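Per full-length UniProt numbering, the very first residue in the sequence shown carries number 1; after that it's consecutive.
Idealized CB from N, CA, C, for every residue including glycine.
In this text, all values refer to a predicted model and were calculated from it rather than measured experimentally.
The structure appears right after this line, and notes come after that.
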Amino acid sequence: MTSVAKLRLPDHSFLSDAQVLEIHDGGAGMTDDSRLDALVYRTIESGNAGVEKHPDLLPGGTAAVLTIPVYREQELRSLVLLAAKHDPPPAVVHPEPVGVFEVWEPVGPYEEVALASGYYGRMERFQNVSTFVRFERGNGLPGQVWEQQTAVIHDDLGNHPGFLRAAGASADLLQTAVGIPVIADQFRSSVLLLSAHRTPIARGFEVWRRSDDEFVLQQASYFELGSACQVSPGTTMKRDAGWAELLLQAGGAVLSVEPTILTHAIEFPEDQVVPDCGIAIPRFDGQSLVSFMTMLF
């Protein structure tokens, strides 16, 4: 188990913590909180992503925890835990956390997904809209993730033609949405992270897809990172380098604080803001790593 919070998250981050846990023989390593341990084992039992919001089941100072399982050859190999922080006390100068966790699952006889669980904080309008919406496979961000079987980024949500809840997102100051597939023997859910600039979930998101013997950056969204470390779509990564090498070695999600991993081995001027740490969430097809999404903190 490795925790991002112990390494350093920005003070104004939406997250209070982020962890990656390896799964061996159906069990996970211990976290530093018994309530998180119980949540981990509930996730292992269900085999799917979920959002826990009950205060009695969460560590102190945590408003919600999103769990994302990662499979390889239909075997649960790792879990990613993202914890949303509570609203700060009145005396604290940091802004009120704004962000969203969602899990969308297939429902009914048709190829549709509906909201299974979510955390919205005080964003009641956006929550109300989301509760009654269903997306066909291929439509909206949850449906696109299902159709493409890979992570998808929507940026500038208020004006994005593919983000069908754009009006609600714009009103609630959400700028970026990332969809992540959970796939075991079949598609299980689309996990959505909706991030605001004033309290970002991460300072960078990247989606890489395999092309022959390398990986190609398909999409990226950055905030507060120096322009020199913002990688352009079309950039390639060898299978034996960077995040790709780590993911292939681990066979599951990974966390890194290694500068050469976080910056793709590019040297930057000292005045550039670079990530302190990052998490990569892979998508395997059998044994093959076909794509992955990175979160840069």
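Where the alpha helix (DSSP H) containing residue i begins and where it ends
i      : result
Ser46  : Ser34 to Ser46
Ala141 : Looking at the sequence itself, residue 141 is Leu, so the reference to Ala does not match. Per DSSP, Leu141 belongs to the alpha helix (DSSP H) from Gly140 to Gln148.
Sheet register partners of residue i (DSSP bridge)
i      : result
Ala220 : Glu206
Glu112 : Val107 and Glu136
Pro200 : Bridge partners of Pro200: none, in fact.
Phe101 : Tyr119 and Leu193
Gly179 : Val152 and Leu192
Ala280 : Val254 and Thr294
Met237 : Phe215
Phe187 : Ile183
Asp285 : Ser288
Where residue i falls, given that 16 or more other Cβ within 10 Å makes a residue buried
i           : result
Gly108      : exposed
Arg188      : buried
residue 298 : The displayed coordinates of the chain run from 1 to 297. Any statement about residue 298 would go beyond what the structure contains.
Arg125      : exposed
Met30       : exposed
Thr131      : exposed
Gln266      : One point to set straight first is that residue 266 is Ile, not Gln, in the sequence displayed. Result: exposed.
Ala38       : exposed
Pro161      : exposed
Lys238      : exposed
Tyr110      : exposed
Coil, strand or helix - residue i by DSSP
i      : result
Phe292 : strand
Leu173 : coil
Ala244 : helix
Arg122 : coil
Leu225 : coil
Gly130 : The displayed chain sequence assigns Ser, not Gly, to residue 130. Helix at Ser130.
Leu82  : strand
Gln249 : helix
Leu76  : strand
Gly50  : strand
Asp56  : helix
Gly162 : coil
Leu9   : coil
The beta strand (DSSP E) enclosing residue i, as first and last residue numbers
i      : result
Pro69  : Thr62 to Arg72
Leu262 : Premise fails: Leu262 lies in the alpha helix (DSSP H), Pro259 to Leu262, not in any beta strand (DSSP E).
Between the stretch 68-83 and the stretch 170-185, can you find at least three pairs of beta-carbon atoms closer than 8 Å? The stretch 170-185, when compared against the stretch 68-83, does touch it at the 8 Å Cβ threshold.
Pairs of beta-carbons, one from the stretch 54-63 and one from the stretch 232-246, closer than 8 Å: are there three or more? no
Do the stretch 131-143 and the stretch 215-229 meet, that is, are 3 or more Cβ pairs less than 8 Å apart? no
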